[in-house]
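Numbering (my numbering), first residue to last: 1390 to 1906.
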């Protein structure tokens, strides 16, 4: 490690903090990672079960090139460390009228499935919608997701070069409004409206441009052999191999400043000095002063409010019976408006879509215990009292039973994490799993970026630009690491210039004095 290497403390070992720690350690930085939990991963967490650790966080891995780039940038090969298995079926979908639809990795097969289930007109509409989603994704990937800071002028230039993007964006419409006119069958509108929840929003309030999320999934979905948490553990190990130090069960209590600049992180056991601090938690924790007044100025209320959705999450092991499942299976609620109307009121929905991940799909015997995660959307904490845990438990499994799916043994309330539970796991989040809400056309411009107004303090993770989701948080880490290295180089150059200037000034003064003597 070089003498002038920056000392960096990363708060939070979520995927953003891990990816940034790996990049920074690879570049020779002195990196220390602090996390309040007992293992790496953040929201990419696991819970114990009789069948082994169950993923209880993100389960869908898309945008594989983002992860390949991370490994390549640290002179590694993704496939040497992790086995990513491409899914033939991206997701299976059930409706309570008996309809079933698989969306597949093969676009032609997806089109055939849509046509077979909903008719030729629906197939034509699906094909047109897929073209729209791809066009939007291709247009805004670089100027929005890949850039360190979203640049409205760059996006405007993109649109000016491609005027046809304006109707494709449907800038004054919600996602639900766009889908209502894109699909004559409301079930397909319901299906693609669900993609707003991938970033914590409602299709009835999120902008139509979120249609591009379908293209991110259509490009491919992978499962991680051993579970999603293997991704977090692997990145942590690679960072450690490059000298990064990890301290678990050690929450940060305060970010400290001296002479206006960040100088370290305080914990219950002591102070960790730092030239720079990278915060990989919910930005609301800074804005509300949870980590001290020294960091409050880094984030403004508009960066964190309004809040995104939370969730009720079951993670358990059991034997399923009655319904053919895929790795990802969706059971739709009867009336999507009812679900999102309840969520908008801060209430637990009673007619909700349920997502199920069968972590061991195809890998164990039919009569063996399998690991499952079930997710139902929920509101943030303020109006979601803990007393709703038993009704939520009953409602979810009764709903699945109505579809014909049962589990043995039936999971109990101990395997359920509520919005309150997520608020406790991720302080100051109010249980919101995606940071700021994506509602409104300008929402993407209101997330905080890697650089903050506080010298020496940086942000990464799903609450920062470019947004929520494992690929986005990994991109945020690349932005943060680049900003840190650029600013450190600039600081070194300024110091060297000042030192040279001071020496020259001193010599000049000496020369003048000698000439006068």
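Here a beta-carbon is modelled for each residue, glycine too, at the ideal position from N, C-alpha and C.
Non-local beta-carbon contacts of residue 1525 in its own chain, meaning distances under 8 Å to residues more than five positions away in sequence, involve 1554, 1557, 1558, 1598, 1600, 1601, 1604 in chain order. In terms of Cα proximity to residue 1730, the closest of 1766, 1750, 1760, 1756 is 1766. With fewer than 16 other Cβ atoms from the protein chains shown falling within 10 Å of its own Cβ, residue 1427 counts as exposed.
Close CB contacts of residue 1664 within its chain, under the 6 Å cut and outside five residues either way in sequence, are with 1395, 1396 (chain order). With a minimum length of 4 residues, the unbroken runs of alpha helix (DSSP H) contained wholly in the region 1574-1661 fall at 1575-1582, 1602-1607, 1618-1630. Distance check between residue 1445 and each of 1862, 1854, 1807 places 1807 closest, using alpha-carbon atoms only.
Contact between the region 1755-1770 and the region 1440-1454 is present, with at least three C-beta pairs closer than 8 Å. Residue 1743 sits in a strand when the DSSP states are folded into three classes. The secondary-structure analysis by DSSP pairs residue 1493 across a beta bridge with 1478.
The alpha-carbon of residue 1715 is positioned some 42 Å away from that of residue 1677. About 21 Å separates the beta carbon of residue 1405 from that of residue 1810, a gap too long to meet the 8 Å contact definition.
No Cβ-Cβ contact shorter than 9 Å links residue 1680 with residue 1873.
Straight-line spacing of the CA atoms in residue 1627 and residue 1879 works out to 28 Å. Here residue 1707 carries a strand assignment [DSSP, helix/strand/coil]. Under the DSSP definition of a beta bridge, residue 1483 partners with 1489, 1720. About 48 Å separates the CB atoms of residue 1839 and residue 1509; that is not less than 8 Å, and the two are not in contact.
Residue pairing by DSSP puts residue 1444 in a beta bridge opposite 1435. The region 1785-1797 makes no contact with the region 1648-1656: fewer than 3 CB pairs, one atom from each, lie closer than 8 Å. Nearest neighbour of residue 1582 by Cα position, chosen from 1522, 1619, 1782, 1454, turns out to be 1522. Residue 1536: not part of any alpha helix (DSSP H); DSSP gives it neither H nor E.
In the structure shown, residue 1396 falls within a strand segment according to DSSP collapsed to helix, strand and coil. For residue 1449, the CB contacts under 7 Å within the same chain, skipping 5 residues up- and downstream, are 1610, 1717 in chain order. Note: residue 1430 is bridge-paired with 1403 in the DSSP secondary-structure output. Comparing alpha-carbon positions, the option among 1784, 1482, 1439 lying closest to residue 1740 turns out to be 1784. If you compare the alpha carbons of 1501, 1690, 1591, 1429 with that of residue 1726, the shortest gap goes to 1591. Shown here for residue 1724: same chain residues with a beta carbon closer than 7 Å to its own, the five before and five after excluded, namely 1740 in chain order. With respect to residue 1474, residue 1614 sits close: the two C-beta atoms are nearer than 9 Å.
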